[in-house]
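First comes the structure, then the notes that go with it.
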Amino acid sequence: MANVHHDHDHQHGNAKDRELKSIVRYIKIAPRMWKSAVNNAVVDLIDPQPGETVIDIGAGMGPGVMRAGRSGAEVLAVDPTPFMRSVMGARRLGSRKRKFVKVVDGAVEALPVHDGGADALWSVNTMHHWNSVSAGVIEIARVL
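Following the numbering used here, the numbering of the sequence shown begins with 2 at its first residue and continues without gaps.
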């Protein structure tokens, strides 16, 4: 996957999501974020296949990523929050299918994927964190 539209000179996503207050909140709700029936249902509908590239935008702690990773598809876990990427990275290391999962810094407005580089993508419970819904929709269309 080419790193297009991805600038490491700035931080992605909503700045409030990186504050200590938000990290404490994420830790408190971690059990609900670790597994997700909604993410499971979305990934099941997408039905990733070996050889495909799929993206979880705002992957968080990775319930959808872990499910999709078992399929043999290349899974890109995109999240703008360092804490969430750390949790997802540790979770990835504990998986036998870790070679299929890549955790990256990014946000919906600047996905680190070349034009047409995704076969499918999803985003569950993240739009309220997006800086620009219209820019996110344009970016989703670009990578699909």
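All C-beta atoms, glycine included, are put in the ideal place defined by N, C-alpha and C.
For the putative contact between residue i and residue j, defined by C-beta atoms under 8 Å, what is the C-beta separation to the nearest angstrom?
{"i": "I1", "j": "A121", "result": "This structure does not reach residue 1, given that the chain is present from 2 up to 145, and the question cannot be answered."}
{"i": "R86", "j": "V104", "result": "5 Å"}
{"i": "V79", "j": "I58", "result": "5 Å"}
{"i": "S96", "j": "G61", "result": "16 Å between Cβ atoms; not a contact."}
{"i": "R92", "j": "G63", "result": "5 Å"}
{"i": "M89", "j": "V125", "result": "No, M89 and V125 are not in contact; Cβ-Cβ is about 14 Å, not under 8 Å."}
{"i": "E140", "j": "A111", "result": "7 Å"}
{"i": "A1", "j": "L145", "result": "The structure shown does not extend to residue 1, since the chain is modelled only from 2 through 145, so no value can be given for it."}
Could you have a look at residue i and say whether DSSP puts it in helix, strand or coil?
{"i": "V55", "result": "strand"}
{"i": "A142", "result": "helix"}
{"i": "S124", "result": "coil"}
{"i": "S135", "result": "helix"}
Which residues mark the beginning and the end of the alpha helix (DSSP H) in which residue i is found?
{"i": "D45", "result": "38 to 47"}
With a threshold of 7 Å between beta-carbons, can residue i be considered close to chain B, or not?
{"i": "D106", "result": "Judged by its chain identifiers, the structure shown contains no chain B, having just a single protein chain."}
Inside the stretch 58 to 118 only - alpha helix (DSSP H) runs reaching at least 4 residues: For secondary structure counted as the alpha helix (DSSP H) over 4 or more consecutive residues, the stretch 58 to 118 holds these complete runs in sequence order: 64 to 70, 83 to 94.
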